[in-house]
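Step one of this worksheet: look at the structure below.
Written as structure tokens, this is what we have:
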């Protein structure tokens, strides 16, 4: 009796399996067996994602632990790392990055790098031909124009609020956008016309946010619908994220996972995906749970693990992701002009004195912090930018030297009561450049005490006002950092730190150096990359003379994977493509 | 009986209304700002202000509250500040996971707790009773996350007997139809999928069920000992009934009442415990959702969820009260 039952269950299972492999199911992973596949190896792809990887190492399902859930399935509306990590597998822009680098820009949907007019205001791209979107429609110049026009026209409210990057890169939407127009004179030519030259254009366009999506799908699914709770495209309830990439969006269960499947018709056959499917687990928020999931085999790769877990991960046979170049800077902010949170006049601080700033810079044992809190996966900054960003220039930064620091502090001649200082650090947060803010703050306080300061540690919730109080100039001395949006000098030096707003220096530091502001404005509008980089170099030269803030660390957050995963290329900006990844049986 | 139910339901309204006000104010007293949570490192004062306007957070508190209440009365639980998703939609995706986990924990706690309690009561203060007492004290005092991590370490990481996270193995490609992992697995008809979904339930159910197990065991033991000393039990024995019949018909029937009450009360505790359990086991349920919503200062989600939890708790208590009448026909409601 029991045997008969099991038999019928097995028969039922066999039918389900047969249905998966044989008929034309909507699951794209089944497609390779029926269609002419770009590479011979792919033809042997398993009929169902549940089947084990084939002997060649192709196929199979990779389970990736993300740091959290996606926010929207329309890449143009996101600015968080989890959404971007998935989106980069599915959508492609005109340009992208060489895998493993943070700033090496290469053509992707463009056939070559653009020609730039002498005045730097016109970029002309020639596109690759024969590329199709995941919905089968053609990729061409009209599609590129459609996407850029769509973003520019986002109305105020939900869409503009979420499309942070378009606003940040082009200075606003609609008429405020520096992108005057995008023309498509023929099917393979796209011309970008700017109001003023924009030297960060190419590097910023490597973000998945600027991935080109199928105009047909965007229109059919009414991707511009607001409020966003009713926007099926953005919520991933159906056809979403319709791009040209090596993987195609399949489904998204809120709070649980996102699934992408192999694009069997990927245009770049040499770089077509090996895996049949990737499931991005979105629910692994707890670092211990994440490590245990790796050890128990529930996930194959974790985007990041806590630096504190690296030793355990290694000893249990896991591979650690080497992210090479860092794309962040953690720093100790010094504010020369403290803004009153109640709206009163700003007051100068001891950090307005250059000798004090140098004393602080010389007092910090940065390598010691890296050894203690970053599992060694970090470097002492040689400038304000991480090495590898465009415009980076190695500077002669003040070295850790207690005697020099004491001398600088003595030279500043502060009275005893001025040596009592407050140091702010954020609570309830872990940042890539700051895995343990409190311990880092304690170590820094110790180093500052050693040269004669008396330090009181203060904290605020990261989401509870810390960020806006830091950027609003309400903290005198504070831990902070910046993770690159794109690996350009402008993103760090101008956007994050020293850019002037409304004719005033950035409130974070109150560093009122007009020459820096002039140089940065010129650099942003430089007509050639070389000219821009030379100007950014000058900004870094001025910064090292003035020490407006102390860069402490450029970190490369560790990730981990099981040893059967091969071909994964880590990158400091966590822009990591999975088309090269295989699972060894 | 009907009148009793109606009265209880009406009585719940002021409770929920009061709770909604307290929740609303309490959440806004916490340091934090959803606009900053959304913007992250991009949170400049200007952008923060812009997003606060879009979300309506720049309006006076009473206006925000009245707006919220009006929407609530129309059956709209609002939508998340962070991802714009409707709370009701996400609830339908995530609540099944919590229900499965709670049922799993209850089955573990009741299925094991009542036999253990009866066993311990058979010879009070004997060695069996001693062991049961120690085990239940252990269950009640060990924090869920310690037990959870330990279970995963032993049975997941070391022995590889049971999975460490989630409700199902994504490699099996089980379509999520109902979002009840077990039901979705049953729908596929594939034995490996069905076994997989049950195996995912084992460790979290034990972790979440450990405290209720201890409580159910203790109460059953106490209640059985209590009833066993009643005159009617002695009379039953004197009539010459078998021990088994005395146990089933005369002792347990009467001992059930406090046990049922405790089980009902534990449902509230289970919902609270689900917050921790779901985090440890990366379980896609309402508990882990509450955690991320609190971290993101997603007020609307938190207050709506807690209101829903409270309603469920009140409802379960009502069911428990009604069940008394069935368990003990001497109890009548009017």
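Residue numbers (the numbering used here), protein chains in the order written: chain A, 28 to 612; chain B, 12 to 345. The beta-carbon is built from N, C-alpha and C at its ideal position, and this holds for glycine as well. For clarity, every value in this text was computed on a predicted model and none was experimentally measured.
Open item on the list: Taking beta-carbon pairs under 7 Å, can you tell me which members of the stretch 174 to 203 of chain B lie near chain A?
Closed with: 174, 175, 176, 177, 181, 182, 183, 184, 187, 199, 200, 201, 202
- [ ] Flag residue 299 of chain B as yes if its beta-carbon sits less than 8 Å from any beta-carbon of chain A, otherwise no.
- [x] yes
- [ ] Name the residue from A:308, A:271, A:306, A:309 whose alpha carbon lies nearest to the alpha carbon of residue 293 of chain A.
- [x] A:271
Task: Sheet register partners of residue 509 of chain A (DSSP bridge) - done: DSSP, once it has assigned bridges, lists A:356 as partnering residue 509 of chain A.
Task: Members of the stretch 98 to 117 of chain B that neighbour chain A once the beta carbon cut-off is set at 7 Å - done: For the stretch 98 to 117 of chain B, the set of positions with a beta-carbon nearer than 7 Å to some beta-carbon of chain A reads 101, 104, 105 in chain order.
Open item on the list: Between residue 487 of chain A and chain B, is any beta-carbon pair separated by less than 8 Å?
Closed with: yes
Task: Beta-carbon proximity list for residue 239 of chain A, same chain, < 8 Å, skipping 5 on both sides - done: 118, 119, 120, 121, 136, 166, 170, 171, 174, 270, 271
TODO: Would you kindly check if the distance between the Cβ of residue 90 of chain A and the Cβ of residue 327 of chain A is under 8 Å?
DONE: Cβ atoms of residue 327 of chain A and residue 90 of chain A: closer than 8 Å.
Task: Within chain A, the residues that residue 337 of chain B reaches when beta carbons sit closer than 8 Å - done: None at all; the shortest Cβ gap to chain A is about 35 Å.
Open item on the list: Please report whether the beta-carbon of residue 594 of chain A lies at a distance below 8 Å from any beta-carbon of chain B.
Closed with: no
Open item on the list: For a quick check, are the C-beta atoms of residue 414 of chain A and residue 263 of chain A less than 8 Å apart?
Closed with: no
Open item on the list: With the cut-off set at 8 Å, would you say residue 89 of chain B and residue 254 of chain A are in Cβ contact?
Closed with: no
Open item on the list: Please give me, in chain order, every unbroken run of the beta strand (DSSP E) with length at least 3 that falls completely inside the stretch 489 to 544 of chain A.
Closed with: 504 to 510
TODO: Inspect the beta-carbon positions of residue 462 of chain A and residue 378 of chain A and report whether they are closer than 8 Å.
DONE: no
Open item on the list: If you measure between the beta carbons of residue 133 of chain A and residue 598 of chain A, is that distance less than 8 Å?
Closed with: no
TODO: Closer than 7 Å by C-beta to residue 211 of chain B: which residues in its own chain qualify, once you throw out the five before and the five after it? Chain order, please.
DONE: 174, 177, 178, 179, 192
Task: Cβ neighbour criterion (16 or more within 10 Å) applied to residue 25 of chain A - done: With chain A covering 28 to 612 only, the question about residue 25 of chain A has no answer from this structure.
Task: Residues of the stretch 253 to 283 of chain B with Cβ closer than 9 Å to any Cβ of chain A, in chain order - done: none
Open item on the list: Please list, in chain order, the chain B residues whose beta carbon lies closer than 8 Å to that of residue 323 of chain A.
Closed with: 163, 167, 168, 171, 174, 175, 176
Task: Beta-bridge partners of residue 208 of chain A, as assigned by DSSP - done: A:220
Task: Reduced DSSP secondary structure (H/G/I, E/B, other) of residue 389 of chain A - done: helix
Task: Nearest-angstrom Cα separation, counted from residue 583 of chain A out to residue 294 of chain B - done: 29 Å
Task: Classification of residue 342 of chain A by the beta-carbon crowding that lies within 10 angstroms, buried from 16 upward - done: exposed
Open item on the list: Within 10 Å of its beta-carbon, does residue 337 of chain B have 16 or more other beta-carbons around it, so buried, or fewer, so exposed?
Closed with: exposed
TODO: My understanding is that residue 567 of chain A touches residue 410 of chain A, with C-beta atoms under 8 Å, so please give their C-beta distance in whole angstroms.
DONE: Taking a contact as a CB-CB distance under 8 Å, the pair residue 567 of chain A and residue 410 of chain A counts as one, their CB atoms being some 5 Å apart.
TODO: Quick one: list the residues of chain A neighbouring residue 53 of chain B, beta-carbon separation under 8 Å, in chain order.
DONE: What residue 53 of chain B touches in chain A: 106, 191, 195.
Open item on the list: Among B:169, B:108, B:78, whose alpha-carbon lies nearest the alpha-carbon of residue 311 of chain B?
Closed with: Ranking B:169, B:108, B:78 by Cα distance to residue 311 of chain B puts B:78 first.
Open item on the list: 8 Å is my cut-off, CB to CB: does residue 59 of chain B come that close to chain A?
Closed with: At least one CB atom of chain A sits nearer than 8 Å to the CB of residue 59 of chain B.
Task: Buried or exposed (CB count within 10 angstroms, at least 16 for buried), residue 142 of chain A - done: exposed
Open item on the list: Can you find the residues in the same chain that come closer than 6 Å, C-beta to C-beta, to residue 147 of chain A, ignoring five residues on each side of it along the sequence?
Closed with: 224, 554
Task: Beta-carbon proximity list for residue 152 of chain B, same chain, < 8 Å, skipping 5 on both sides - done: none
Task: Minimum Cβ-Cβ distance from residue 227 of chain A to chain B less than 8 Å - done: no
Open item on the list: Quick check: the stretch 96 to 105 of chain B against the stretch 211 to 230 of chain A, are at least 3 beta-carbon pairs closer than 8 Å?
Closed with: no
TODO: Could you tell me the distance, in whole angstroms, from the CA atom of residue 193 of chain A to the CA atom of residue 227 of chain A?
DONE: When rounded, the distance between both Cα atoms is 13 Å.
Open item on the list: I'd like the list of long-range same chain contacts for residue 38 of chain B, defined as Cβ closer than 7 Å, with 5 residues on each side in sequence excluded.
Closed with: 310, 313, 314
Open item on the list: Within 10 Å of its beta-carbon, does residue 157 of chain B have 16 or more other beta-carbons around it, so buried, or fewer, so exposed?
Closed with: exposed
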